[in-house]
Structures are given as C-alpha cells and as structure tokens.
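Reading through the structure tokens given below for one structure.
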Amino acid sequence: MIATNVRRLAFYLVLAFALVSGSVVWWQVVEAQALATRADNPEVIAARRTLLRGSIFDSTGQLLASSELVNGLSARTYTDPAFTHVIGYSSLRFGTTGLERAFEDLLVGQADPNPLRQIMSDILDRQPEPRDLTLTIDRRLQDFAAAELGADAGAVVAIDPQTGAILAMVSTPTFDATAISGDPDAAQDPMDALRNDPAEPLLPRARQGLYVPGSIMKVFTAAAALDAGVITPDTTYEDQPRQETEGFVVDGFTIREHDLGGIQPGLWPLSESLQVSSNIFFAHVGLELGAEGFLDAAQRFGFCEPSTIGPDDRALNVSASFVTAQAEDGCAPFSGDVELATASFGQGSTAVTPVQMALLAAAVAGDGVMPHPYVVSDIRAHQEGGTPSETVLQRLGSSGGTRVMSSEAARATRSAMLDAVNGELGRLYAGQADITLYGISNQRAAGKTGTAQLGGEQAPHSWFIGFAPAQDEATPAIAIAVLVESGGSGSGRAAPIGGRVMAEYLRFSGAGD
Amino acid sequence: MRLTWRGAELGLLVPILLLVPLGFIVTNVALTGTFEPGPLELALGYVALFVGAHLVLVAFGHRGDQLILPAVGAMGAIGIVILNRLPQDLAGTAGFGVELGMTATQLLWFAVGMVVMLVIAIGLRDDGILRHYKYTWAAIGIALLVATLLIGYEVNGARLWIDLGPVSVQPGEFLKIVLVVFLAGYLAETRTLLTSARMRIGFLSVPPLPYFLPMLALFGVVMLMAVRLNDLGTALLFFGIFLTMLFVATGRRSYVLIGLILFVAGAFVAYQLFGHVQLRVNVWLDPFADPLGAGFQPVRAIYAFGRGGIFGEGLGQGLVTLGGSLTIPFVHTDFIFTAIAEELGLLGAFALLAFAAVFVFRGLRIAALARDDFGALLAVGLTASLGLQTLIIIGGNTKLIPLTGITLPFVSYGGSSILASFIMVGLLLAISHRSATGADADAAG
Amino acid sequence: MTGDILRVVLLVLQLGFVALLYLILARFAGSLLRDLRSAEQTQLASQSGIGRLSVLESPADEPPNGTTIALGPINSLGRNVNNTIFVEDDFVSATHAMLTFRGRSWFVEDQGSTNGTYVNGHRIDRPVALSFGDELTIGRVRMRLDR
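Chains as they are written, first to last, in this note's numbering: chain R, 29 to 541; chain D, 58 to 502; chain U, 5 to 151.
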C-alpha cells in the first residue's frame, strides 16, 4: 500500500522536476538573447566599462559629452550641466539614462545605423565602433534659458513649431553628471548626495514633472471649442459680466473670478477673455464643449498618455499629462460639471508636463499641426579631438506632425494669444513676454500666462506658453513653455523668461533684428 | 562483520571523483591564463573522503543502496568546483590559529558530515530509538525553535542562527530531520485509522480529527514559528514534507487538496499581514520594476542564466564579480545554482538536476523496499525533504516560485546544511541496509 | 600564439568537464537500468508464483498438451471439474492427487486413486517432496514441475 503511494509520489515528483527544468530552459534558451542586450545586464555594463562612447555635440558642433579611458575604465566628461536632463548620464555603477540610454548601442558602437553594415560586423565579429550624436539644441539658447531660471526649480521647453526640433529643454535644478560617470567607487557618494537632495535634482522636470497648469490651459479650452464649432471668436455669455463679481454657480458650487486688479467686467468675447484670463468665460466654454468633447480633444492633443521625444525605439520618455484624475489607462471620466468647469481654466485635477504645454503652443503656432518632437539631428562617425566629423551616417530629421485642430481654430486661437501679449488689457498680464522689450523691434510674440494655485500657503507655480514671431503673415520659429515652481504669478516670473528666450533665439537665428 | 563488494558504487565514484581535480585545473587555467594546474590538495581531499567512506562501508559489510553515495558525491563535486571558483573570502573559518578559505571550510564540513553519516549508516541497527521516542523528538524540535527565537541572531532579515562559540548553526536545518522522524513515527502508528475512518465535508473526505489534531497542532506551532522567524523557505519546505508524508501514509489525494487549500489561504493571509511577504511576491511578479533595489537579486540571477545559455561561459570564465563586487549576491548559498547555470550552462544545470533526481528516486526506492511502515515513511520524509528543498531553491532561482532563502543540499556553502544533509543520507542508508539484510534473513529461514 | 594554444586547451578542458558530467550520468542510467531489469525479473518470478506444471503428455488434450499451468499453494488434480486442475482422462479418479507448497518445497500426495500417482516413474504411497524438474504422472497424463 505504501509502495503504491510511493510510486504515485514519484510520478508527481517527475512532474515537478520537469517543471523546474523547463524554467531553466526558459531563461537559458528562450529568453537568453533578449536578456543579453538589456542595458542593466552586468555583462553589458562590464563590456561598456572599457569601451569608449561616442561624443555628443550641440547643433553648432560644440562638444557636450566625451569619453576617455582612465586607468582602463571608460570615463565620461560632460561639459555643460544645462544639458544633463537631455543627455542623461552613463554611469559604470548606476546604468544609463536619457539620450545616453536611448542611443546606447550606437554610442558604444554595438549597432550600426546601416542595417547592411550591421550584418557584416555581426558576421565578422568586429570591434565595436563608437558613433557621435548631434543635437538639435544650440548650446547658447540652452545656457541662456538655464541662466534665466537661475536658482529656481523649473523648466523651459522650446520647439521649432514647423519641424518639431527641440531648441531648448532645460530642467532645474540640474547637476554635473561627470562625477557619477567615471570610477564606479567614487560615484557612490555624489549619487547619494543627489538622491538625498530635497530639491530633487535627478528629476527631469521638463519631461516628467507634473504641474497644475492654471490659466495656460485656457489656450487648450479655446482651441478645442473653436475646433468643435462650439464657439466663434465673437461668442459671448450674457451672464458672464454679472458672474465676474457674483460668481458662477455650477451644481451648487460657486466658481469665482481671480482678482481682476481693478478692470471693470464687460461682455467679453474670446480675445478679451483670454487677455484678462476670465475664469468665468472659460468655465462657460468648457461646459458648452461638454465632458465628452473636452476629453476627446484632450486625447487628440496628446494628453492622457505617455509620449516620447524622438522615434519610439530611441526616445526620451515624456510622462502623461492629465485633464482629469489619473486612471490606470489614462484620464478618468469627469466626475461632474464642477470638475469640467474648473479643468477648463486649468484647475481641478489637471496636471501637465512642460513638454506637453510647449507642444500645445507649437500646435497653435503650426496652424493646427502638432509637430513630432525630436532632439537628435544626426549620427556621425566618431572623431577624436572634440570636433564633429564630416561623415554623417544617418540624418534624423523631422517626422512631420499630427493635425490636432482645424487651421481656422488655430488661427483664431493664435490671434487671441497675440492680443494676450500685445492687447490693451492683455499687456497688464502677459506684457512682460513682449519681445520688443528685449530688442526685437520687427516681430511680435503671442502667449498666455498661468498662475497655478496650489492651495494652502504654497506660492503658485508660474507658467507661460507662447510663440514668435506671431504677427499676421509671419511663420513662427519658436514655441515655448516656461514653468517656475512656486514662482508666483505668471506675469511676474515666467512671462519675462519666455519673452527673453524667444527674443534671444530670434536674434541669433537671424529672424529678428 | 563480513566484507561486501560494493561494485556499482565504486564504478560510479571513480568518474565522479575525477570531476573535482579536473574542475579545479580548468578553473585555475581559466583564472590565471597559464597552464599551471594550481593547488590540488583540496580536490584530493574530496576524493579521499568519498573513497574512504566507500571503503568503510565495504569493511563493515554494509548492504545499503549503492547509488545514493555516488549521487551525493556528484552533486557535491559540482558544488565544490563552483565554490572553489568563487572569491574565497566570501566565507570561511578562522579559529584555533588556522584560517581556512571557503572551499576548505566546506570540505571540512563534508568530512564531519561524512563521519556522522557513516556512524548512523552503520551504527543504527535498530530504529526503536527513533520510533518510540517520537514525542521526545518533537520536544527537542520545539526547544530548537524556541532557542532560535530567544538567542538567535539575524542574517538578512531572517533570524536563523545560533552562535556556538567558534561555529554558528542553523537550527532549522536540524529541525527538519526531527520533524520527519516525528511524523514518520506518528503516521506509521495512526495511518490505518487515518485511512479507514471517514468523515465527509461536501465532496471532500477529511481526516478524523482525534487522530489528526495532535499532529496538526505540532505542525501549526512549527509553521507559526517559521513565519515568526521570517524564514519563509523553511516554512514552505516543512509544509511540503508534511503533505508528502501524509499522502504516502494515507494515499488520500483529498488530504493533500485540503492542505493546498489551507496553504493558499494561509499564503493570502500572510500576504495581507506581512510587508516582507508582500515585497517577496511583488518582486517575484515583476523584478524589473526595481532592478537596482528590491529586484536586484532576481534580476541579476536572470541575467546570469541568460549569460550561461546552453553551453555555459566555462568554469572560471563567468561574470562572478564586476568591479570588485559580486554580480549576484549570495552566490555561494542561495544562488549557487545560478552560478552553475552561468558557467556550465544548461548542460551543467541539467546534469545537476539529473543527479538530484537520481538521489530522489533512489530514496523513494528505499522507501518502497523498506521492511516496515516506519522505515518507509522515514525514507519518504527524508527524500522529500532533500528533494523538495532542491526544487524550491532552484525554482526560486529561476523565478518559477518566489525566492526563499534556503540552501541547495550538498551544493551550497554552509556547515549546518551539509551536516544535516549527511545525517539524512546516513538514515537512508541505514533503512536500506535493514531491508537488504532483512530480505536475506527471510530467505535464509 | 601561446594565448591561442591556451584558449584551445581551455576550451577542450571545459568541454571535457561537461563530457565527464554526462559520462557519469550515463553510468547512473546504466546502474538504474540494471536495477530495473533485475527488479523486473524478480517481479516476473513472483507473478508466476511458486511453481508451474508443464503438460508433457495429455491424450484427451485437457489440460492441453504443451501448456504450462501456474500453481497456487494448494492444488487438487482429478477428473471432477471442481478440482483446481481438471484432468480429462479415463484412468484418472475424481479426486486423484493433491499438490501443495509447504514451507519452502512442493509435496504431492495420492488421494486414494484407483490407478495411483507416479513421481519419476515410481508409484507413491505417502506424501512425497518434489523438486523442480520432477515428472508427475496420473493416469496417462504426464506433467513436469517447473520453476
């Protein structure tokens, strides 16, 4: 009897042995190939300890990152901390981030941009050949924007609205990644210091910081409603002037206007409403657009899901922006009219990244087409000496854009944004973004400020989005989003940064005088 | 005393014992890049141990199973070759004016274990001492646990160790044996009752409680304490041993089913209550979520499996250290199978699994041939203990089940584990010897 | 150059190690198979029981010529169909003889038959121990006790 049971037990144990053997096969045969190329595989890290990485240059050929062998180990030197949150770091101890990670195999030369050559070197088992990268960013603008942010935590994202090329992408505070990129033993202390810093210098705020947008969201609300045909540039709401002082009761909740600073309420159409940043007007617009229309438009404009800068397989990741509460698969439905009305002027559960808001500005500037952003413009053969090689192996140009609204809606929004900077009322708020203040006399800027109330004692986030040149017939060359964490009012802190960065770009790109 | 020619054992031991010197030479050539064979004293020490044990068994006319010792020798050989390949300062002994590296210390424990095994295999003529004092054994087991709880100290979050001057012991390893002996004694006595008396709850037939409760109570205490000591691997192993022995004693699948249901329920409760259990499970489900933090060990193990592939990187040619630190933590204990799979590849890993399988199925054969129920159940328990431990830790390494910190018997570094495993082999050999001589006695009468 | 030789030697050694592992496995398999085979033989023997009767000559062909009959511990032979072994022959009595396994050997005892029971050609008058290979004759039917 026991012998019979033992035989049955043996059968179950055979099954167990087979199962365990199968699990070994899974990792050693089935998954082995996929594991071999992952960046945090110690084998990959080990191989890269002694491999030189290619250099990274700005758009004018200035050296940003380069490698050399120190005591047999590959050490990376970064010349400009303003680029840290774009380039990332390549640490022998902590792995790689940013572009260093996205272009890892090319930088160390384990992949060739040309598929035919790739096959050849696979067969011949060649030594890896490092490649160099060129960015779309001009170091002058990047440094200028970083200097403008100064000691404040925040972000500046500037995009060419026609091509999607990133012109500047700064996150502050930043750090010099050189210290954590060489000798792995010496890297621990600086990394610990960065990790423990309450200012969170490791966070790439431009791409992964989520902030309440405040009034800059009104640009989206206007564009979405114009595109849906819910409003025209002349639409007014007859209750609005009264509600500016009495408040607008939605579902028993009273929406109040921000301090208009002595401006007398009137029956305002879109332009004036955007100039004075009327919460009441945009609450009406949002409610008229409806929850469904609002969410549909948000998704079309790239909210509600993570996105990338660059092609998917070689991308910098951008966190999802939200117009409602965060759900597992994007934006949750609106809980009711109150949330919809408040989201329409950028409060409620809205939370956005600076990159997303720069893309919003770029879509308005780009006649309704939201460009696909990219930050690496070409891959070159490696050249020692800190100057870029003439041999361009692959160009990574613009991959166009996606139309997110009609040309008419874009034009009407653009006109309102132009007024918001230059108009009689608007000048009181966003006037500091006027590029004529910064030496560009022949061009005009468009934009919108935002003052994101956070509740409590915390100073509000200061926002500005805009583009230039924005006067009729001009083709905008730069779209921008500026965020200063707890920077106070948008007009006081973010708008002048936006104006100065746009002016600086127009000046050295030759578009302004 | 008469000599018994153990031909099969000797025939198997000869190639097995070649493994160790060969492995040492390969490792040294790979590590130094010269043709130096390196120091072979330790390899020859291993050979001498097994040859010596074989000769002692022959001299005493031992008629126990002849494949068990070679299976142990083969697993141990792979283990000692891999340990010799690792940095020797991972572990070791210093005391009495000598300092021993990891491999030497492990070999010392093999020697101690071998002596204890021989004493039990040859000296245990009568199993009465095990059978009749089962409650004494249970008491000793509980005392071991309480001792660990009171004076034990923690290593890596689990309180498993007791400090005894020059050596530290893991009482859990020995508790395992005590549990098996107790269960064998209790089940041999009550199995008829457990099988014949029937109670039904729905479609499940449940064991009659009066006979079942004492065992369940003791078992509950052991499990609770294992969880209390944060030793999940041992708790899982004990549970597996318990269910296996219950199944063999009664032949009831439904008992096992009830046990499994209880286990799932218990696991769920533990998951809800204990943070460390939650962490283990989450890391198991997605180690890549935090590859540098909680998921560090499993992620590094998975990469090592991948590096090994089918043929392995070769002895001494794997990526054991990177920039002075181990690529896989605990590579000499919990993750030694991973190191084997990396350097010897799928081929080596399968060989090790096959040796373990040979051991397990010989153990079951001993059980099937045992003279009485006690002997059979004891053999099943001992075999299940070593077999399940092997499956649990290898399955943990490959992420088949959540990782738990237990050793790979005969392979992992660790004195307590080696000594306890050899005690179990000694018991198996004793049971097997009794059934072989018993059969002869019948034939003669 | 030395480096190349070293690499080749190392490769051979590594392969040798794995090969040795599988050589050992093969020997284990051999040992296991041998054990299995001997177990099978033991099992066959136990299945066939304690002995068999081979039918050498049976004029009425019942039991059939050339067949073997597995034996239990106690077997009665005779012309009555209720016997363990039914023998169809006119010279066989209803209950002719008993064939029993006692202790460790076989015994045959005549049951007072008319024509008697013969072992190796000798008529028996009391229980007689049989060895394997002995010939047993009742009536005209001849059988041999086999293992």
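Ideal Cβ positions, reconstructed from N, Cα and C, are used throughout, including at glycine. Because the structure is a prediction, the values reported are computed rather than measured.
Strand pairing of residue i, partner residues [DSSP]
i, result
"valine 278 of chain R", "R/Phe281"
"leucine 160 of chain R", "The amino acid at residue 160 of chain R is misidentified as leucine; the sequence shows aspartate. Beta-bridge pairing links aspartate 160 of chain R to R/Arg408."
"tyrosine 106 of chain R", "R/Ala93"
"histidine 126 of chain U", "U/Val123"
"methionine 147 of chain U", "U/Val59 and U/Leu140"
"cysteine 359 of chain R", "R/Gln354"
"proline 94 of chain D", "Paired residue(s): none; proline 94 of chain D is not in a bridge."
"leucine 424 of chain R", "In DSSP, leucine 424 of chain R forms no bridge with anything."
"glutamate 113 of chain U", "U/Met102"
"aspartate 530 of chain R", "The identity of residue 530 of chain R in the sequence shown is methionine, whereas the question assumes aspartate. Its beta-bridge partners do not exist; DSSP assigns none."
"threonine 378 of chain D", "D/Leu383"
"phenylalanine 544 of chain R", "For chain R, the structure presents residues 29 to 541; residue 544 of chain R sits outside this window and is missing."
"phenylalanine 14 of chain R", "No information on residue 14 of chain R is available, as it lies outside the stretch 29 to 541 that chain R covers here."
"threonine 247 of chain D", "None; threonine 247 of chain D has no bridge partner."
Nearest candidate by alpha-carbon position, reference residue i, set the options
i, options, result
"lysine 233 of chain D", "D/Phe299, D/Val176 and D/Leu181", "D/Phe299"
"valine 356 of chain D", "R/Ala60, R/Ala38, R/Pro497 and R/Asn33", "R/Ala60"
"arginine 472 of chain R", "R/Ile506, R/Gln422 and R/Ala480", "R/Ile506"
"phenylalanine 85 of chain R", "R/Glu266, R/Arg121, R/Glu128 and R/Arg223", "R/Glu128"
"proline 396 of chain D", "D/Asn141, D/Ile186, D/Pro127 and D/Asp122", "In the sequence under discussion, the amino acid at residue 396 of chain D is alanine, which differs from the proline named in the question. The shortest C-alpha separation from alanine 396 of chain D is found at D/Asn141."
"histidine 286 of chain R", "R/Val52, R/Ile525, R/Thr125 and R/Ser517", "R/Ser517"
"glycine 573 of chain D", "D/Ile385, D/Ile423, D/Gly375 and D/Ser382", "Only positions 58 to 502 of chain D appear in this structure, which leaves residue 573 of chain D out of reach."
"arginine 66 of chain R", "D/Thr461, D/Ile449, D/Tyr360 and D/Arg120", "D/Tyr360"
"threonine 370 of chain R", "R/Tyr117, R/Ala502, R/Pro297 and R/Ala311", "R/Ala311"
"methionine 219 of chain R", "R/Asp324, R/Ala496 and R/Arg121", "R/Arg121"
"serine 489 of chain D", "D/Ala425, D/Glu98 and D/Asn454", "D/Ala425"
"phenylalanine 39 of chain U", "D/Ile423, D/Gln163 and D/Leu101", "Strictly speaking, residue 39 of chain U in this sequence is aspartate, with phenylalanine absent from that position. The residue with the shortest Cα to Cα distance from aspartate 39 of chain U is D/Ile423."
"arginine 148 of chain U", "U/Asp129, U/Ser80 and U/Val123", "U/Val123"
"tryptophan 55 of chain R", "D/Gly483, D/Gly453 and D/Leu485", "D/Gly453"
"leucine 206 of chain D", "D/Tyr192, D/Ala436 and D/Gly229", "D/Gly229"
"alanine 480 of chain R", "R/Thr273, R/Arg159, R/Val57 and R/Met245", "R/Met245"
"serine 109 of chain U", "U/Gly120, U/Ser62, U/Ser97 and U/Ile78", "U/Ile78"
"glycine 332 of chain D", "D/Ile315, D/Ala178 and D/Ala351", "D/Ala351"
"alanine 131 of chain D", "D/Ile318, D/Gly118, D/Ile179 and D/Leu67", "D/Leu67"
"threonine 494 of chain D", "D/Gly80, D/His111 and D/Arg120", "D/Arg120"
"phenylalanine 107 of chain D", "D/Gly90, D/Gly118, D/Leu126 and D/Thr89", "D/Leu126"
Contact check, residue i vs residue j, beta carbons under 8 Å
i, j, result
"threonine 390 of chain D", "leucine 421 of chain D", "no"
"glycine 294 of chain R", "proline 269 of chain R", "yes"
"glycine 396 of chain R", "alanine 438 of chain R", "yes"
"alanine 227 of chain R", "valine 198 of chain R", "no"
"threonine 164 of chain R", "tyrosine 533 of chain R", "no"
"alanine 389 of chain R", "phenylalanine 495 of chain R", "yes"
"glycine 429 of chain R", "histidine 400 of chain R", "yes"
"serine 405 of chain R", "serine 87 of chain R", "yes"
"leucine 443 of chain D", "phenylalanine 416 of chain D", "yes"
"valine 129 of chain D", "glycine 80 of chain D", "no"
"threonine 200 of chain R", "aspartate 180 of chain R", "yes"
"serine 49 of chain R", "leucine 410 of chain D", "yes"
Taking only runs that begin and end inside the region 107 to 187 of chain D, name each unbroken alpha helix (DSSP H) of 4 or more residues, in chain order. For the region 107 to 187 of chain D, whole alpha helix (DSSP H) runs of length 4 or above, ordered along the chain, are 125 to 142 and 159 to 180.
Can you find at least 3 beta carbon pairs, one from the region 350 to 357 of chain R and one from the region 375 to 382 of chain R, that sit closer than 8 Å? As far as the Cβ criterion goes, the region 350 to 357 of chain R touches the region 375 to 382 of chain R, which means the pair count is three or higher.
Counting Cβ pairs, one atom from each stretch, are 3 or more of them under 8 Å apart for the region 97 to 110 of chain R and the region 205 to 224 of chain R? Put simply, the region 97 to 110 of chain R touches the region 205 to 224 of chain R. At least three CB pairs are less than 8 Å apart.
Every unbroken alpha helix (DSSP H) within the region 227 to 262 of chain R, with a cutoff of 4 residues, ordered by chain: 233 to 236 and 245 to 256, all fully within the region 227 to 262 of chain R.
Could you check whether the region 472 to 491 of chain R touches the region 450 to 463 of chain R, counting it as contact only if at least three pairs of C-beta atoms, one from each stretch, sit closer than 8 Å? The region 472 to 491 of chain R, when compared against the region 450 to 463 of chain R, does touch it at the 8 Å Cβ threshold.
So, does the region 11 to 26 of chain U touch the region 362 to 373 of chain D, judging by three or more C-beta pairs under 8 Å? Output reads yes: the region 362 to 373 of chain D touches the region 11 to 26 of chain U.
Identify every run of the beta strand (DSSP E) within the region 472 to 537 of chain R, keeping only runs that are complete inside it and at least 3 residues long; order them along the chain. As summarised for the region 472 to 537 of chain R, the continuous beta strand (DSSP E) elements at least 3 residues long and confined to that stretch are 474 to 480, 489 to 496 and 506 to 512, given in chain order.
contact_flag[the region 93 to 105 of chain D, the region 74 to 85 of chain D] where n(CB pairs < 8 Å) is 3 or more: Counting Cβ pairs under 8 Å, three or more are found: they touch.
Would you call the region 475 to 484 of chain D in contact with the region 297 to 312 of chain D, where contact means no fewer than 3 C-beta pairs closer than 8 Å? Counting C-beta pairs closer than 8 Å gives fewer than three between the region 475 to 484 of chain D and the region 297 to 312 of chain D, which falls short of the contact rule.
Tell me, please, whether the region 223 to 240 of chain R touches the region 248 to 268 of chain R by the rule of three or more beta-carbon pairs shorter than 8 Å. No: the two stretches stay apart, fewer than three of their Cβ pairs being nearer than 8 Å.
Which whole runs of the beta strand (DSSP E) in the region 286 to 335 of chain D are 3 residues long or more, in chain order? As far as the region 286 to 335 of chain D is concerned, it has no whole beta strand (DSSP E) run of at least 3 residues.
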